[in-house]
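Contents: one structure, followed by commentary.
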Amino acid sequence: FPFIYARRLGADMKFCARRGLVGVDMETWRCHHASQGLNLYVLCRLLADPSRSVEAVIDEYCRAAFGKAAPAMKAYFDLCEKVTQRLVETGFPASRSEKHAYYGKLFDAAFVREARVLFFRARQMESAPAALGRIAFIEHGLNYADYAGKALLKYYRMAVLGEDPAGALQAIADKEAFMS
Numbered sequence: 037f038p039f040i041y042a043r044r045l046g047a048d049m050k051f052c053a054r055r056g057l058v059g060v061d062m063e064t065w066r067c068h069h070a071s072q073g074l075n076l077y078v079l080c081r082l083l084a085d086p087s088r089s090v091e092a093v094i095d096e097y098c099r100a101a102f103g104k105a106a107p108a109m110k111a112y113f114d115l116c117e118k119v120t121q122r123l124v125e126t127g128f129p130a131s132r133s134e135k136h137a138y139y140g141k142l143f144d145a146a147f148v149r150e151a152r153v154l155f156f157r158a159r160q161m162e163s164a165p166a167a168l169g170r171i172a173f174i175e176h177g178l179n180y181a182d183y184a185g186k187a188l189l190k191y192y193r194m195a196v197l198g199e200d201p202a203g204a205l206q207a208i209a210d211k212e213a214f215m216s
């Protein structure tokens with residue numbers, strides 16, 4: 037899922053660097069570069085030079101990866117960061133099944149619609165094949181969030197709330213088709 041927390045991560049890295057940080061161990065990194073590559077980029081750039089501005093690092097990433105589409109892609113990452121902040125403010129539900137359903141609630145149809153508009157704008161702004169390929173790669177992360185979020189939410193509604201299984205089974209089939 038596109039949990040973006042680059043600014044928070046940057047602030048934390050700067051805090052730790054001022055106190056003598058010499059390295060980090062990210063054993064739980066989820067390796068979803070299409071969804072969280074910006075977080076990893078900010079982490080690596082600030083490990084190399086913690087005096088850098090977090091905003092400048094984010095801008096550098098967007099310009100280098102997406103060229104003229106940088107403003108639209110930065111707006112997408114900002115949108116993801118707002119959703120991530122909502123999670124920070126509310127926290128995860130206690131049960132595992134409710135937690136997974138919460139992904140579908142966070143990355144809901146309204147989020148996906150707004151994100152797709154930003155991807156459309158990005159493709160209109162840039163024509164270079166390499167940048168368009170990177171935009172498509174990041175959009176793949178959005179597509180995963182869309183399919184997986186729907187499947188998890190509908191499965192929860194079926195398994196826990198006893199709702200009609202047809203919607204859950206179709207959402208799971210759609211996710212499986214996307215993944216293959």
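Residues 37 to 216 in this note's numbering are what the sequence shown lists, from first letter to last. C-beta: ideal position from N, C-alpha, C; glycine also. For clarity, every value in this text was computed on a predicted model and none was experimentally measured.
Reduced DSSP category for residue i - H, G, I as helix; E, B as strand; rest coil
i: phenylalanine 39; result: coil
i: methionine 161; result: helix
i: leucine 57; result: coil
i: glycine 177; result: helix
i: phenylalanine 143; result: coil
i: histidine 69; result: helix
i: serine 216; result: coil
i: alanine 130; result: coil
i: methionine 49; result: helix
Enclosing alpha helix (DSSP H) for residue i [first to last residue]
i: arginine 88; result: Premise fails: arginine 88 is in no alpha helix (DSSP H) and is neither H nor E.
i: aspartate 200; result: Element bounds for aspartate 200: n/a, residue is neither H nor E.
i: methionine 109; result: 106-126
Beta-carbon spacing of residue i, residue j below 9 Å
i: phenylalanine 78; j: glycine 103; result: Correcting the residue identity first, residue 78 is valine in this sequence and not phenylalanine. Result no, Cβ atoms of valine 78 and glycine 103 do not sit closer than 9 Å.
i: alanine 158; j: alanine 108; result: yes
i: lysine 232; j: valine 90; result: Outside the shown range of the chain (37 to 216) lies residue 232, about which nothing can therefore be said.
i: leucine 142; j: phenylalanine 214; result: no
i: valine 148; j: alanine 181; result: yes
Identity of the residue in the options nearest residue i by Cα
i: glycine 35; options: Thr120, Phe155 and Ala181; result: Residue 35 cannot be examined here, being either before or after the span of the chain that is shown, 37 to 216.
i: cysteine 98; options: Ile174, Glu212 and Lys190; result: Ile174
i: leucine 76; options: Asp200, Asp61, Ala42 and Arg152; result: Ala42
i: alanine 172; options: Pro201, Tyr112 and Ala130; result: Tyr112
i: proline 16; options: Gln72, Cys80, Ala101 and Arg54; result: Residue 16 is absent from the model: the chain starts at 37 and stops at 216.
i: lysine 186; options: Ser216, Glu162 and Ala146; result: Ala146
**Asked** Looking at C-beta atoms only, is the number of pairs between the region 124-141 and the region 192-199 that lie closer than 8 Å three or more?
**Response** yes
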